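**Q** Pasting a structure here, questions to come.
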Amino acid sequence: MSFPSQDRRADEKLGQILRRVGSVRTRLNSLAWQHAIFYSLAIAIAAGAAVFAMAYLLSPLAFLIGGSVLALLAVIGIASAVSAGWRMRKSAVNAAAIADDRAELKGRLSTIVALADIERRGPLWSYLVEDTLGRHDEFSASKIERRRVSRAVYPLAGALVLAALAFPISKIKRPPVITPGNGQDDLTVDLDDLHLRPAEPGDESGMQVTADPATMRRLEDKLARQGAGGADTNGNSLNQLMNRARDMAGSLQNKLTGQQAASKQRLNLRLADAGRDQDQNEIHRAPDTQKNRHGEMAGQFKQDQPKSHHEFDLPPEDDSRQPKSQPSPGGTGEAGLESNAGKDNPNKDDSATDRSIQQSGENSSNGGEAHGIGADPDSLFGAPATSKLGNEGFEIAIEARPIDHGAKGAGHAYVPPKVRTPLSMNQEPDEPVTRAAVPADDRTTIKRVFER
Amino acid sequence: MSDVQAETPTVADFARTFRRIQAEIHKSIIGHEQAVEELLSALFAGGHVLIEGVPGTGKTTLVKTLGLALNLSFNRIQFTVDLMPADITGTRVILSGEDGRREFTFQPGPAFCHILLGDEINRATPKTQSALLEAMAELQVTVSGTTYRLKPPYFVMATLNPIEMEGTYPLPEAQLDRFLFKVRLNYPDEAELTRIISSTTGPEDAGIEPIFHAAEAAERVEGLKRLVREVMAAPAMETYAARLVRATQPQNSRFVTDEAKAVHDEMVNRYVMFGSSPRGAQALILGAKVRALLDGRANIAREDIEHVAVAALAHRIMLNYAALSDGIDAAHIVERVIKSVRAAKV
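These protein sequence lines are chains A and B, in that order. Using our numbering, the first residue of the first sequence is number 1166, and each one after it goes up by one. Using our numbering, the first residue of the second sequence is number 5, and each one after it goes up by one.
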């Protein structure tokens, strides 16, 4: 027989035990949630850092594939982390069982928690409560679970370190941005020499195309023709899908790397129409005629001859930029630019092409004494030139769009120099020596001299 | 004589009494500590014990000593092939009364006692063996249509001689299942054997001192048995015992219908013909309760269940011929089952 006061005391003791078990449970559940949150954050941060680095290091297609796989893995990882955290939650009975195991209480706590709500309690119940409460020091929350912070904080710290490492990597890999005002932002291209092809999405050069309305119309016609021709080759849906995917990946890359804004001001492409009067072709930058063609064009330009430089009315700033923009002969090649001179002008002979390349690397003049320097001795002699050598241009095939994306990784943008420096009043244009017929008897001697 | 309190026993009383009985038994039984503990556990859990051991390992002495220590009535039956059921339960005989009239009177057999030793029970026929079934399970015997109650506590200890199998009758599974524990007595080691020699070949008696007064011994033992039943078992412990029992049942058994949450061990599927019955789970919990009281607890723990698992389950598992040929015994199976269930997260 038990008295009410005895029952009350027994209930108080039971309450003390249950509160302690509750605190153990709270700590265990806190760790469970920390596990879920920390792991989710770690996965998200690590995946974000990896995507960020991939945006700099990979091409759009590789970035798309890698990023998609990484995103999928991250989603799975986060889901499993949350699921694991959810499963790690402990009920009061489970928490008591864990406390029993860790404090070696041999099932005392779990028995009390499991049977606390049962109406009929046997004669040994009070003994069990007393016996368990006598060991209350052994099952405090701090003894059962010492950790307040989940071990999942280590992966989170690792992910943060990874993210910190990814940032300088991206800075190292980031290509130099050509900013306007450093003398490398203007380019004049002849419309006839402009080769159009679909640009890789994401390779937005930020090119600004300016021309007079007639030239712009011609450009649009040309674009339309090229587009119609390209539709046959790229007409299949797979390519379109691929292009769209690349486009999407490229734009995402640009957003991640922040390159889009910078590239918009990178280059001004001034179109000239060779079929029209040179004076009319000279196009000044005019805000009302500017039109953006970001990432749509790649082409070649034809550098005008010095002979006609005096005819150009160049803005003063062009003169100031010229010294900076003089390319070295190797610089053209290093910029990854292709020489298409022979292809674009099949009527010109090889020696002429060789001469023009040589001259372009040495100075801005051509013809005269320099004519023929560096030519192959086997092709020294030919028929006397009938055309005026001073009118011969030289061609350097380049891509009009600088390649400065991390995805390309090729390196430096090439901006061709301005060569149309006006002559001074006292200066006469160079007069190249006309090629004359060489007597057959002297040819061997001349050839030996050149070979030497 | 006893100084143990006659009132309602406490956990401490139980442990103290248990240890005293153990100590008295070990005055004459050298070694066999685990066997003695299991024997007493079965007694206080209200079950019966099957003792298996080679000759000369002290089976009969153990039972005798227990009877003396508890100060309870003790009988011994030597089972032989010509033993009849009536030789166990008793029979009606014609007796002359004081008035000279002759009438049938029930003459109780050796089954009417508190502690019964059935020595070499496998030498009697199954019919005679079955005579013990009713007494063991229901504490009563029926003779000529009349049922006679047995006085509690009633504790049957049967011995088996495992090496003389010729002319023996293996116990039916139903009867095996009625024994709470099966205790194995192995050969003593050298030190134990030396002590046995010195203690049994001298002039002095072992001097077993009864723990209880004869008048109250039965009631005291019953009180301790009731206390065992009061020990609490959390639902998780009962579930654990159930899983252990289910894990002894082979997966391909036609008697197993519900596979949900069952733990299966490859060894069980390979060597076990029939697993433990539900009585095995009861034996696990009851034996664990005794263990808990001995440890001063009012609740059972997983360790308690595992401690008594071999004694409670091994004799309930029927092995197949593959086990016999591979030398696998049931105790090994039970140990494997414990590991499997412990490792499984059902």
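Think of the CB as a built atom: it goes at the ideal place given N, C-alpha and C, for glycine as much as any other residue. Predicted, not measured: the structure shown is a model, and the values here were computed from it.
Would you list the one or two residues that DSSP bridges to Phe78 (chain B)?
**A** BP columns for Phe78 (chain B) point to B:Ile119.
**Q** Taking contact to mean 3 or more Cβ pairs, one atom from each stretch, closer than 8 Å, check whether the region 1197-1209 of chain A and the region 1249-1265 of chain A are in contact.
**A** In short, these stretches touch, since the Cβ pair count reaches three.
**Q** What is the DSSP secondary structure of Pro112 (chain B), counted as helix, strand or coil?
**A** In the structure shown, Pro112 (chain B) sits in a strand (DSSP, three-state: E or B).
**Q** Return the CA-CA distance between Leu1237 (chain A) and Ile1210 (chain A), expressed in angstroms with no decimal places.
**A** About 14 Å.
**Q** Expressed to the nearest angstrom, what Euclidean distance is found between the alpha-carbon atoms of Arg1190 (chain A) and Leu1280 (chain A)?
**A** Answer to the nearest angstrom: the Cα atoms are 17 Å apart.
**Q** If we ignore side chains and look at the alpha-carbon of each, how far apart do Thr65 (chain B) and Met161 (chain B) end up?
**A** Spanning the two alpha carbons is a distance of roughly 12 Å.
**Q** For Gln144 (chain B), which residues does DSSP report across the bridge?
**A** Gln144 (chain B) is bridged to B:Arg153.
**Q** Looking at the secondary structure, which residues open and close the alpha helix (DSSP H) in which Thr31 (chain B) lies?
**A** Note on residue identity: the sequence assigns Lys, not Thr, to residue 31 (chain B). First-last of the alpha helix (DSSP H) with Lys31 (chain B): 15-32.
**Q** Give the range of the alpha helix (DSSP H) segment to which Ala162 (chain B) is assigned.
**A** Taken as a continuous stretch (DSSP letters only), Ala162 (chain B) belongs to no alpha helix (DSSP H), being part of the beta strand (DSSP E) at 159-164.
**Q** Which first and last residues belong to the alpha helix (DSSP H) in which Met88 (chain B) is found?
**A** Element bounds for Met88 (chain B): n/a, residue is neither H nor E.
**Q** What would DSSP say about Asn324 (chain B), mapped onto helix, strand or coil?
**A** Coil at Asn324 (chain B), not helix or strand.
**Q** Indicate, with yes or no, if the ligand NAP has a heavy atom lying under 7 Å from the CB of Arg1254 (chain A).
**A** This structure lacks the ligand NAP, and indeed carries no ligand of any kind.
**Q** Assign Val276 (chain B) to one of three DSSP states: helix, strand, or coil.
**A** Looking at Val276 (chain B) - three-state DSSP - the assignment turns out to be strand.
**Q** In terms of residues, what are the limits of the beta strand (DSSP E) holding Lys343 (chain B)?
**A** Per DSSP, Lys343 (chain B) belongs to no beta strand (DSSP E); it is in the alpha helix (DSSP H), 334-347.
**Q** For chain A, check one thing: does any of its Cβ atoms lie closer than 8 Å to the Cβ of Ile304 (chain B)?
**A** Cβ-Cβ to chain A under 8 Å: yes for Ile304 (chain B).
**Q** Report yes if the CB atom of Glu1310 (chain A) is closer than 8 Å to the CB atom of Arg1192 (chain A), and no otherwise.
**A** For Glu1310 (chain A) and Arg1192 (chain A), yes; Cβs fall inside 8 Å.
**Q** Which partner residues of Phe185 (chain B) appear in the DSSP bridge assignment?
**A** Beta-bridge pairing links Phe185 (chain B) to B:Val53.
**Q** Under three-state DSSP, which class holds Thr1375 (chain A)?
**A** Correct three-state label for Thr1375 (chain A): strand.
**Q** Whose Cβ in chain B lies nearer than 8 Å to the Cβ of Ala1279 (chain A)?
**A** The answer, in chain order, is Ala238, Pro239, Ala240.
**Q** Can you name the residues of chain B whose CB is closer than 8 Å to the CB of Asp1296 (chain A)?
**A** Near Asp1296 (chain A) (Cβ distances below 8 Å), the residues of chain B are Gly300, Arg301, Ala302.
**Q** Along the beta strand (DSSP E) that carries Gly94 (chain B), what are the first and last residues, could you check?
**A** Per DSSP, Gly94 (chain B) belongs to the beta strand (DSSP E) from 94-100.
**Q** Whose C-beta lies closer than 6 Å to the C-beta of Tyr152 (chain B) among residues of the same chain, with five residues either side of it excluded?
**A** Contacts found: Val145.
**Q** Considering only DSSP beta bridges, list what Met236 (chain B) is partnered with.
**A** Met236 (chain B) pairs with B:Asn303.
**Q** Mind reading off the beta-carbon distance from Leu136 (chain B) to Ile98 (chain B)? Whole number of angstroms is fine, and I expect it under 8 Å.
**A** Not quite, the Cβ-Cβ distance comes to about 26 Å (not below 8 Å), so this is no contact.
**Q** Three-state secondary structure (DSSP) at Glu107 (chain B)?
**A** Of the three classes helix, strand and coil, the one that applies to Glu107 (chain B) here is strand, per DSSP.
**Q** Determine which residues of the region 10-24 of chain B have a Cβ less than 8 Å from any Cβ of chain C, and write them out in chain order.
**A** Protein chains A and B are contained in the structure displayed, whereas chain C is not.
**Q** What does the alpha-carbon distance come out to for the pair Leu290 (chain B) and Leu317 (chain B)?
**A** Computed Cα separation, rounded: 13 Å.
**Q** Applying a beta-carbon distance threshold of less than 7 Å, which residues of chain A neighbour Glu226 (chain B)?
**A** Result: empty, since nearest Cβ-Cβ is about 15 Å, beyond 7 Å.
**Q** Count the C-beta pairs between the region 303-315 of chain B and the region 240-252 of chain B that are closer than 8 Å, then say yes if the count reaches three, no if not.
**A** Enough Cβ pairs lie closer than 8 Å, so yes.
**Q** Assign Lys68 (chain B) to one of three DSSP states: helix, strand, or coil.
**A** In this structure, Lys68 (chain B) counts as helix in the three-state DSSP scheme.
**Q** If you follow the alpha helix (DSSP H) that Pro214 (chain B) is part of, which residue opens it and which one closes it?
**A** From DSSP, Pro214 (chain B) is part of no alpha helix (DSSP H); its letter is neither H nor E.
**Q** Please state the DSSP three-state secondary structure of Glu1385 (chain A).
**A** Glu1385 (chain A): helix per DSSP, three-state reduction.
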